[in-house]
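Number of protein chains: 2
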Amino acid sequence: MAQPIRIVVDAMGGDFAPQNEILGAYQALRYFQEHNINVEILLIGQQDAIQTAIHQHGIAPSQFSILHADEVVAMDDEPAQAFRKKRQSSLYLGLQHHKDGHADAFVSAGNTGAVMSHSTLILGRITGVSRPTIGTFFPTTTSQPTLVVDAGANVDCKAKHLFEFGIMGSIYVQCILGIERPRVGLLNVGEEDSKGNDIALEAYALFRQSTLNFVGNIEGRDILTGTVDVVVCDGFVGNIVLKFAESMLTFLKAKFSAFASTGIIQKLLMAAAKPALKGALTGMNYEDYGGVPLLGVNGVSIIGHGKSTPLAVKNMILRAEEVVRKEVNQRIEAALTS
Amino acid sequence: MAQPIRIVVDAMGGDFAPQNEILGAYQALRYFQEHNINVEILLIGQQDAIQTAIHQHGIAPSQFSILHADEVVAMDDEPAQAFRKKRQSSLYLGLQHHKDGHADAFVSAGNTGAVMSHSTLILGRITGVSRPTIGTFFPTTTSQPTLVVDAGANVDCKAKHLFEFGIMGSIYVQCILGIERPRVGLLNVGEEDSKGNDIALEAYALFRQSTLNFVGNIEGRDILTGTVDVVVCDGFVGNIVLKFAESMLTFLKAKFSAFASTGIIQKLLMAAAKPALKGALTGMNYEDYGGVPLLGVNGVSIIGHGKSTPLAVKNMILRAEEVVRKEVNQRIEAALTS
Numbered sequence: 002m003a004q005p006i007r008i009v010v011d012a013m014g015g016d017f018a019p020q021n022e023i024l025g026a027y028q029a030l031r032y033f034q035e036h037n038i039n040v041e042i043l044l045i046g047q048q049d050a051i052q053t054a055i056h057q058h059g060i061a062p063s064q065f066s067i068l069h070a071d072e073v074v075a076m077d078d079e080p081a082q083a084f085r086k087k088r089q090s091s092l093y094l095g096l097q098h099h100k101d102g103h104a105d106a107f108v109s110a111g112n113t114g115a116v117m118s119h120s121t122l123i124l125g126r127i128t129g130v131s132r133p134t135i136g137t138f139f140p141t142t143t144s145q146p147t148l149v150v151d152a153g154a155n156v157d158c159k160a161k162h163l164f165e166f167g168i169m170g171s172i173y174v175q176c177i178l179g180i181e182r183p184r185v186g187l188l189n190v191g192e193e194d195s196k197g198n199d200i201a202l203e204a205y206a207l208f209r210q211s212t213l214n215f216v217g218n219i220e221g222r223d224i225l226t227g228t229v230d231v232v233v234c235d236g237f238v239g240n241i242v243l244k245f246a247e248s249m250l251t252f253l254k255a256k257f258s259a260f261a262s263t264g265i266i267q268k269l270l271m272a273a274a275k276p277a278l279k280g281a282l283t284g285m286n287y288e289d290y291g292g293v294p295l296l297g298v299n300g301v302s303i304i305g306h307g308k309s310t311p312l313a314v315k316n317m318i319l320r321a322e323e324v325v326r327k328e329v330n331q332r333i334e335a336a337l338t339s
Numbered sequence: 002m003a004q005p006i007r008i009v010v011d012a013m014g015g016d017f018a019p020q021n022e023i024l025g026a027y028q029a030l031r032y033f034q035e036h037n038i039n040v041e042i043l044l045i046g047q048q049d050a051i052q053t054a055i056h057q058h059g060i061a062p063s064q065f066s067i068l069h070a071d072e073v074v075a076m077d078d079e080p081a082q083a084f085r086k087k088r089q090s091s092l093y094l095g096l097q098h099h100k101d102g103h104a105d106a107f108v109s110a111g112n113t114g115a116v117m118s119h120s121t122l123i124l125g126r127i128t129g130v131s132r133p134t135i136g137t138f139f140p141t142t143t144s145q146p147t148l149v150v151d152a153g154a155n156v157d158c159k160a161k162h163l164f165e166f167g168i169m170g171s172i173y174v175q176c177i178l179g180i181e182r183p184r185v186g187l188l189n190v191g192e193e194d195s196k197g198n199d200i201a202l203e204a205y206a207l208f209r210q211s212t213l214n215f216v217g218n219i220e221g222r223d224i225l226t227g228t229v230d231v232v233v234c235d236g237f238v239g240n241i242v243l244k245f246a247e248s249m250l251t252f253l254k255a256k257f258s259a260f261a262s263t264g265i266i267q268k269l270l271m272a273a274a275k276p277a278l279k280g281a282l283t284g285m286n287y288e289d290y291g292g293v294p295l296l297g298v299n300g301v302s303i304i305g306h307g308k309s310t311p312l313a314v315k316n317m318i319l320r321a322e323e324v325v326r327k328e329v330n331q332r333i334e335a336a337l338t339s
């Protein structure tokens, strides 16, 4: 049997830590066991809290290794300050454990900004990468999601950075979705090659000359159609579109309940529509996609939503195993140094 | 009775010209007559086509003045080239008519890029304005829409431009929605004042020092909540968010019909849900808002969607009258030169 893949889970990250982290880790472990995948999970965080949660949920303590970390990076901690002041945090020590070669991947649903900056500072960058980036999958009208990269890590970008995001995103989609030649599109204000701001124009030229499967400029309306597999933009645009998209569901719910409140017939209609709506909107659930990797760091760091449920944590851990097994980082280095 | 407000309607602009333009103009005229508002409408375009359409719809020809223009700027004409080569177009001659003082406003559902550039080149800019801008109303969960400005006119912006967009947007919302002190938010990746790219940081400082009712940074998720009345961003971000938002309805429809196709019960449920969905999504219809003005040009130029229906054209004309009557331009000049 091959060497186990060793994954460190930040038991203190996320709004519902350590409960959801431990339940998610347990579910992941069972999945790996059922599928004969050799994975070891190490929980890092405040030992007492972890042990209490394990006990509460009736999980056999022998399932996990536990590494104690005295401090916790809170969801509202300022990342740079947390990095300087909380050297005993589960985030810091967990990443250090990975850096030191005792683990192959790190997973956290904690303070996103802190997970990003700690990961970059502790793990460093893959040779050839200027800026690590995060990508997020958006659902589409097809059966495959689209990766939007950068989804918020880098708000000021040069054309060269966008180009690297495209390369990393393409490799990630190749490995995770199994698409041989992912179609890469540059998010812009029009399809013609003369469109866009200065940076988009320059990035367009870089993509055009590359060996990527670059399909050209795409527009905001093309993100959800599955026209491309990778949407490249800077993190300023990516973050705004991502948060806007997330708010659409809330908006629709508000509109639906406002409609229901206009009369008894409307109320009945809306009640009848509910299962249909729910069914139709399946697949827009972030839990299914689990976390997103910080691409370009010299290690595997999977970042999850603060509100991660056990299912989301489980999927983050599965994702970590996949990124290690499929050698995403080795491919990125090869592509960027060739 | 006061002098009439004279509005030139580009009868050749839009995908369904001149039919929808003429029907919309007629509906607008009836509205003005019923409300005792003194407006004269001049249709500009190919005389034969206009007269045929008027005749087809049984409209008394005396309702409108008609000004002949030999050429038509097509929806796919390159704006700069159309400006140089089609000097007899309804777009060019209509704006020139307005510029020469024979009309108070110009309305077109034609080629958006061409209407913008023709308007800027022919009408010039209001004193104090660096860059004319377009704003678009987004629906919100409250009863009032939010103006997103710039919605695509300027893809490369400096902080100063964003600041001017905020001023113009604030005045426009004041006049059109009757909000005395519109809340202005800067679209950014986080609420803290330290967030954002270089331009957003610089713009934040300008807004902070201003007399506008600036509420600070807002995020993508705040656009649809009605937290602010004016959302300021550059036209690159604005265009992408606008097109993304427009595609959400198509996306939902696709999801709903995919759900309906999974079985007979799902089909029945979705059929039952249809009126509810339609009712709930009322107010997301661009037709209701009519066109958007190109703010900052030295004149009134209302730009409509290429697919404008008669109702949309009618509302564009009503909007033109309102912008003239409420002296939006005079207020912008006063604010930017004080």
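Line order of the protein sequences matches chains Z and V. For the first sequence, position 234 (counting from the first letter as 1) is numbered 235 according to my numbering, and the numbering increases by one without interruption. For the second sequence, position 120 (counting from the first letter as 1) is numbered 121 according to my numbering, and the numbering increases by one without interruption. Even for Gly, the Cβ is constructed at its ideal location relative to N, Cα and C.
Legend entry - Where V/Thr121 meets chain Z, residues with beta-carbon distance less than 8 angstroms: In chain Z, no part has a C-beta under 8 angstroms from the C-beta of V/Thr121; the shortest such distance is about 17 angstroms.
Legend entry - 8 angstroms Cβ cutoff, Z/Lys308 in contact with chain V: Using a Cβ-Cβ cut-off of 8 angstroms, Z/Lys308 does not count as an interface residue toward chain V, since no Cβ of chain V sits closer than that to its own.
Inset, instruction - Measure from the C-beta of V/Ala154 to each C-beta in chain Z and report whether the shortest distance is under 8 angstroms. - result: Chain Z, which has no Cβ nearer than 8 angstroms to the Cβ of V/Ala154, makes this no.
Legend entry - Cut-off 6 angstroms between Cβ atoms - residues of its own chain near Z/Arg332, not counting five sequence neighbours on either side: Ile172, listed in sequence order.
Legend entry - Residue-chain proximity (Z/Glu165, chain V), Cβ-Cβ < 8 angstroms: Not one chain V Cβ lies under 8 angstroms of Z/Glu165.
Inset, instruction - Could you check what DSSP says for V/Ala70 in three-state terms: helix, strand or coil? - result: Here V/Ala70 sits in coil by DSSP.
Inset, instruction - Would you mind reading off the limits of the beta strand (DSSP E) that contains Z/Thr147? - result: 147-150 is the span of the beta strand (DSSP E), which, as asked, contains Z/Thr147.
Inset, instruction - Give the range of the beta strand (DSSP E) segment to which V/Glu41 is assigned. - result: Segment 40-46, the beta strand (DSSP E) holding V/Glu41.
Legend entry - 8 angstroms Cβ cutoff met for V/Ala12 and V/Ser91: Yes, Cβ-Cβ distance for V/Ala12 and V/Ser91 is below 8 angstroms.
Legend entry - V/Val174 (DSSP reduced to helix, strand or coil): In the structure shown, V/Val174 sits in a helix (DSSP, three-state: H, G or I).
Legend entry - Residues near V/Asn329 by beta carbon distance below 7 angstroms, same chain, minus five either side: The sequence given here places Val at residue 329 of chain V; Asn does not occur at that position. By the criterion of a C-beta distance shorter than 7 angstroms, V/Val329 is surrounded in its chain by Ile172, Tyr173, Cys176, once the five residues flanking it on both sides are discounted.
Inset, instruction - Identify the contact partners of Z/Ser66 in chain V, using a Cβ-Cβ distance below 7 angstroms as the criterion. - result: Result: empty, since nearest Cβ-Cβ is about 36 angstroms, beyond 7 angstroms.
Inset, instruction - May I have a chain-ordered list of the alpha helix (DSSP H) segments no shorter than 4 residues that lie completely inside the region 171-210 of chain V? - result: Listed in chain order, the complete alpha helix (DSSP H) runs (minimum 4 residues) inside the region 171-210 of chain V are 199-210.
Legend entry - Neighbour flag for Z/Asp151 against chain V, beta carbons, 8 angstroms: No, Z/Asp151 lies away from the interface with chain V (no Cβ there is under 8 angstroms from its Cβ).
Inset, instruction - State yes or no: is the beta carbon of Z/Ser171 nearer than 8 angstroms to at least one beta carbon in chain V? - result: Under the 8 angstroms criterion on CB atoms, Z/Ser171 is classed as non-interfacial with respect to chain V.
Legend entry - Classification of Z/Pro62 by the beta-carbon crowding that lies within 10 angstroms, buried from 16 upward: Z/Pro62 is exposed by the Cβ-count criterion.
Legend entry - Status (buried if at least 16 other CB within 10 Å, exposed otherwise) for Z/Pro5: Classification of Z/Pro5: exposed, given that the 10 Å Cβ count is below 16.
Legend entry - Which of helix, strand or coil DSSP assigns to V/Asn240: Correct three-state label for V/Asn240: helix.
Inset, instruction - Provide the residue span of the beta strand (DSSP E) that contains V/Phe215, from first to last. - result: 214-219 is the span of the beta strand (DSSP E), which, as asked, contains V/Phe215.
Inset, instruction - Inspect the beta-carbon positions of V/Phe245 and Z/Ile224 and report whether they are closer than 8 angstroms. - result: With contacts defined by Cβ atoms closer than 8 angstroms, V/Phe245 and Z/Ile224 form a contacting pair.
Inset, instruction - Just the C-alpha distance for Z/Thr369 and Z/Gly227, rounded to the nearest angstrom, thanks. - result: Residue 369 of chain Z falls outside the range modelled here, since chain Z spans only 2 to 339, and no answer is possible.
Inset, instruction - Please list the partners that V/Asp16 has in chain Z, where partner means a Cβ-to-Cβ separation under 8 angstroms. - result: For a Cβ distance threshold of 8 angstroms, nothing in chain Z lies close to V/Asp16: the least Cβ distance comes to about 17 angstroms.
Inset, instruction - Taking a Cβ distance cut-off of 7 angstroms, strictly less, list which residues of the region 183-209 of chain Z are near chain V, in chain order. - result: Result list: Leu188, Val190, Gly197, Asn198, Asp199.
Inset, instruction - Could you tell me the distance, in whole angstroms, from the CA atom of Z/Pro146 to the CA atom of V/Ala160? - result: Straight-line Cα distance between these residues: approximately 35 angstroms.
Inset, instruction - Find the residues of chain V that neighbour Z/Glu247, judging by a C-beta separation of less than 7 angstroms, and give them in chain order. - result: In chain order: Arg222.
Legend entry - Contact list for V/Ala255 against chain Z, beta-carbon separation under 8 angstroms: Contact of V/Ala255 with chain Z by beta-carbon distance below 8 angstroms involves Thr142.
Inset, instruction - Inspect the beta-carbon positions of Z/Leu202 and Z/Phe164 and report whether they are closer than 8 angstroms. - result: No. Outside cutoff.
Inset, instruction - Answer yes or no: do V/Gln97 and V/Ile123 have a C-beta to C-beta separation smaller than 8 angstroms? - result: Result yes, Cβ atoms of V/Gln97 and V/Ile123 sit closer than 8 angstroms.
Inset, instruction - Give a yes or no on whether the C-beta atoms belonging to Z/Gly305 and Z/Ala110 are separated by under 8 angstroms. - result: Contact: yes.
Legend entry - Where V/Phe252 meets chain Z, residues with beta-carbon distance less than 7 angstroms: Within chain Z, Thr142, Leu225 have C-beta atoms less than 7 angstroms from the C-beta of V/Phe252, given in sequence order.
Legend entry - Partners in chain Z for V/Leu278, counting only beta-carbon separations shorter than 7 angstroms: Going along chain Z in sequence order, the residues near V/Leu278 (Cβ under 7 angstroms) are Ala274.
Inset, instruction - Assign V/Arg132 to one of two classes, buried (16 or more other C-beta atoms within 10 Å of its C-beta) or exposed (fewer than that). - result: Here V/Arg132 is buried: its Cβ has 16 or more other Cβ atoms, across all protein chains shown, within 10 Å.
Legend entry - Among V/Gly59, V/Thr310, V/Arg222, V/Ile265, nearest to V/Gly291 - alpha-carbon criterion: Answer by Cα proximity: V/Thr310.
Inset, instruction - Please list, in chain order, all residues of the same chain as V/Glu303 whose beta carbon is under 6 angstroms from its beta carbon, the five residues on each side excluded. - result: First, the residue type needs correcting, since residue 303 of chain V is Ile and not Glu in the sequence shown. So the list reads Val108, Gly292, Pro294, Met317, Arg320, Ala321, once near-sequence residues are dropped.
Inset, instruction - Could you tell me whether the Cβ of V/Asn39 comes closer than 8 angstroms to any Cβ of chain Z? - result: Judged by the 8 angstroms Cβ criterion, V/Asn39 is not in contact with chain Z.
Legend entry - Start-to-end residues for the alpha helix (DSSP H) that takes in V/Phe33: For V/Phe33, the enclosing alpha helix (DSSP H) starts and ends at 20-35.
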